[in-house]
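*Asks:*
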Amino acid sequence: MLIASANSLSLTVHSACTPVSEPSFPFSRRSVSTSHNQSRAARLMNAFLTSKQEDTMTIEFIAGPNVEGLAISEAVRAGDFVFLSGLAGFGPDGEIVSGGVAAETDRIMLEVKDILGRAGLRLSDIVKVNVHLRDANDADQFNAAYEKYFPEAKPARIAIVTELLNGGLIELEVVAYGAKSRGGEER
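Count along the sequence shown starting at 1, add 770, and that's the number in the working numbering.
#1: Quick one: what's E941 bridged to in DSSP?
#2: So, under 8 angstroms CB-CB, A858 and I878 are touching, yes? Tell me the CB distance rounded to an integer number of Å.
#3: Please report the distance separating the alpha-carbon of A873 from that of M827.
#4: Could you have a look at F920 and say whether DSSP puts it in helix, strand or coil?
#5: I'd like to know whether the C-beta atoms of I866 and V846 end up nearer to each other than 8 angstroms.
#6: Helix, strand or coil for I711 per DSSP?
#7: Taking the beta carbon of E881 as the centre, do at least 16 other beta carbons fall within 10 Å, making it buried, or is it exposed?
#8: The alpha helix (DSSP H) that contains A872, what's its start and end?
#9: Whose C-beta lies closer than 6 angstroms to the C-beta of A949 among residues of the same chain, with five residues either side of it excluded?
#10: Among K918, F912, T932, which residue has its Cα nearest to the Cα of G869?
#11: Of the residues G864, L893, N936, which one's Cα is nearest the Cα of R904?
#12: Grab me the residues of A914's own chain with a C-beta within less than 8 angstroms of its C-beta, minus the 5 sequence neighbours each way, in chain order.
#13: If you drop the 5 nearest sequence neighbours on each side, which residues of the same chain put their C-beta closer than 7 angstroms to that of A848?
#14: Just checking my contact of I842 with V901 at CB under 8 angstroms: how many whole Å lie between their CB atoms?
#15: Taking only three categories from DSSP, how would you classify A946?
#16: If contacts are defined as beta-carbon pairs under 8 angstroms, then P925 and V897 qualify, I think. What distance do you get, rounded to the angstrom?
#17: Sort V945, E838, G834 by Cα distance to S894 and report the nearest one.
#18: Which residues in the same chain as R927 place their Cβ atom closer than 6 angstroms to its Cβ, once the five residues preceding and following it in sequence are excluded?
#19: What do you get for L942, buried or exposed, if any count of 16 or more other CB atoms within 10 angstroms of its CB means buried?
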């Protein structure tokens, strides 16, 4: 079932699983016996898989001034996940900030903090960052600027060297996780 409105989309997922009679682990190194505990586990799994499950996930498109006139959303909330579109180091004047990768990183992280705040999250809710660098030689400068935003728990991350369309030296894609009601203030 799919329900849509102008700013949000609600998905309802119905379970379509078949009952499990006994556990089967074809890739297990141990042989499977039908002990009392395994039979109980199979019954519990069967009850879970065949129960009528209905989960609703709301999808919210978060618009912002940085994407007006573009065919993208600044961010999309899907349940408790928030996915930010790729961000470059554009200043308020619409131009890439000067000062190299470190300055662009600082500008991007300011935008990330703002967008997450509007989504009810904070920097510490970030779980994954995709880094796109124009030049691999900028990695050390980027890391020096980036690490100050994550003094404790560090998000999962990948860095890719690629040509960037916006003329900048770096672009970040961010995924955060957290309930909307937690507020945007930094912990």
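For glycine and all other residues, C-beta sits at the position ideal for the given N, C-alpha and C.
Model, not experiment: these values are computed from the prediction.
*Replies:* Let me spell this out:
#1: A858, H902
#2: 7 angstroms
#3: 37 angstroms
#4: coil
#5: no
#6: With the chain represented from 771 up to 957, any question about residue 711 goes unanswered, as that position is not in the structure.
#7: Under this definition E881 is a buried residue.
#8: 870-888
#9: These residues qualify, in order along the chain: D850.
#10: F912
#11: N936
#12: A872
#13: Only M827, I829 meet the Cβ criterion.
#14: About 19 angstroms; that fails the 8 angstroms criterion.
#15: strand
#16: Contact flag correct, Cβ pair sits at about 5 angstroms.
#17: V945
#18: Here the set comprises V899.
#19: buried
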